[in-house]
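Numbering (this note's numbering), first residue to last: -15 to 483. By construction, the Cβ of each residue, glycine as well, lies at the ideal position given by its N, Cα and C atoms. First the structure, in the form of structure tokens, and then the observations on it.
Quick look at the structure:
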């Protein structure tokens, strides 16, 4: 199996979570702004230029003048080392102690037993050369603008004496004095905001990629098919996201959308038509035209998928029976707005005849057998000879029978029908069903000797999969976690299917 990830996959992943990246970018910028304004101290800078000469005097000879410039350049690096020496730093420190009180100095430097330490003073000073000249620039940065200017001027005052003593060659001079600049040079708020925003964006992207890398949920039909060597019968996308924002969470979880509902996008209808065709191909070689629709766990969409596959098949002119075999938590009667007084449990237990337990022509070419009263032993009923005989009898009347069963990893009801059906279709919900869930369900199906027809990937997000259509769409519904269904849906679904 190919586990490689392309750049396109990464881009699609980031675009699908772009709102997280935008929020992280904004938060990073805001944190940097607050840190710059409230945490980082203001710093001020000043500078002075100093000029090096190899010897003094008037240069009547141009050749001598050029030689002096060349020699001065060679002396600059030596002068820089001398100016950074501890002796120079102590001399400058003594002048600062004479000019400023201890409180100001304590804010700018580390004070030792002998006053300002050379290391703390040196950390505030930067000495650089001016390219292709015999000049150097002393720049100082401290928390006090006056102190910064004073350091530059004091270095200029003591420089000549210490250079003459240490080197003994040449001289150093200044033209002007260092000025006090009241505008702080640090922190650079704009620069920090940009860096913070960039850091937030990069961090969010790395987190998104890391989460996706360790995410074990099903996200790609190609990987699903190749991993288990089973076909993917179809995909159903999301839709109705804008409307759901205005509904309560409870109503959202109870929602079951049918093909006959209003505003169902064309792309969803086409998805079910494709699934309908693939189901027919999948069972074409079997004598039994009975299909079980199940899932690994609750909340993956198997009941709504079963109802919509039944509707789509009925629309093609085939006579279809939808059986709700989820006798523990029945839902098909809620989806179609029919009574659940008599149903599958009544027919198997022979409390009523099969004809009395079927709701005829709920939609054109579509009959439904609801689950009926909740029995104490659903698995035993489904595995009984009576259930087998019932399905054999019904298969003589219908072109296709679709059975909605409980999740495979929760109870074994679906697996007890292995001898009566052509096979099982497993509904897998994108980014919810894990590969571990699919693995466990496959093992149970294999142990029961049930034929696995394939998978349907439900609730597919086009943003994650690079799918594009002209209209927004999607397909999504939820069970309450814990395998509990909600109240009845609106009972306005009894209208005929428009051809």
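| Item | Value |
| --- | --- |
| Using CA atoms only, rank isn't needed, just tell me which of 241, 258, 380, 217 is closest to residue 272. | 380 |
| For residue 355, tell me which candidate among 393, 305, 22 has the shortest Cα-Cα distance. | 305 |
| Between the beta-carbon of residue 37 and the beta-carbon of residue 170, is there less than 8 Å? | no |
| What beta strand (DSSP E) runs, 3 residues minimum, are completely inside the region 389 to 452? | 407 to 413, 436 to 444 |
| Please report the Cβ distance between residue 487 and residue 357, rounded to the nearest whole angstrom; I am assuming they are in contact, meaning their Cβ atoms lie under 8 Å. | Beyond the ends of the chain as shown, which are -15 and 483, falls residue 487; an answer cannot be given. |
| When you compare each of 111, 263, -4 to residue 35 by their alpha carbons, which one comes out closest? | 111 |
| Give me, in chain order, the residues of the same chain whose beta-carbon lies closer than 8 Å to that of residue 26; leave out the 5 immediate sequence neighbours on both sides. | 127, 168, 170, 171 |
| What is the rounded straight-line gap between the Cα of residue 119 and the Cα of residue 62? | 13 Å |
| Does the beta-carbon of residue -1 have 16 or more other beta-carbons within 10 angstroms, so that it is buried, or is it exposed? | exposed |
| To the nearest angstrom, how far is it from the Cα of residue 405 to the Cα of residue 209? | 22 Å |
| Work out the CA separation of residue 187 and residue 289 for me, nearest whole Å. | 39 Å |
| Report all residues from its chain with a CB closer than 7 Å to the CB of residue 166; omit the five preceding and five following residues, and keep chain order. | 129 |
| If you draw a straight line from the C-alpha of residue 193 to the C-alpha of residue 424, how long is it? | 27 Å |
| Determine whether the beta carbon atoms of residue 123 and residue 29 lie at a separation below 8 Å. | yes |
| Grab me the residues of residue 47's own chain with a C-beta within less than 8 Å of its C-beta, minus the 5 sequence neighbours each way, in chain order. | Its pLDDT being 48, under 50, residue 47 is placed unreliably in this model, and the coordinates cannot settle the point. |
| Can you tell me whether DSSP reads residue 341 as helix, strand or coil? | coil |
| How far does the beta strand (DSSP E) with residue 119 in it extend, from its first residue to its last? | 119 to 126 |
| Measure the Cβ-Cβ separation of residue 309 and residue 369 and say whether it is below 8 Å. | no |
| Any idea which residues DSSP pairs residue 387 with across the strands? | 276, 307 |
| When the distance is taken between beta carbons, is residue 113 closer than 8 Å to residue 159? | no |
| Just verifying my parser: in three-state terms, what is the DSSP assignment at residue 455? | Interpretation of residue 455 is limited by its pLDDT of 35, a score under 50 that renders its predicted location unreliable; the figure taken from the coordinates is listed afterwards. Reduced to three states, the DSSP call for residue 455 is coil. |
| How would you write the range of the alpha helix (DSSP H) that residue 317 sits in, first residue to last? | 316 to 320 |
| According to DSSP, is residue 27 part of a helix, a strand, or is it coil? | strand |
| Any contact of the region 14 to 26 with the region 197 to 215, i.e. 3+ C-beta pairs under 8 Å? | no |
| How close, in whole Å, do the beta carbons of residue 489 and residue 217 come, if the pair is a contact with beta carbons under 8 Å? | Lying before the first or after the last residue shown, residue 489 is absent from the chain, which here runs from -15 to 483. |
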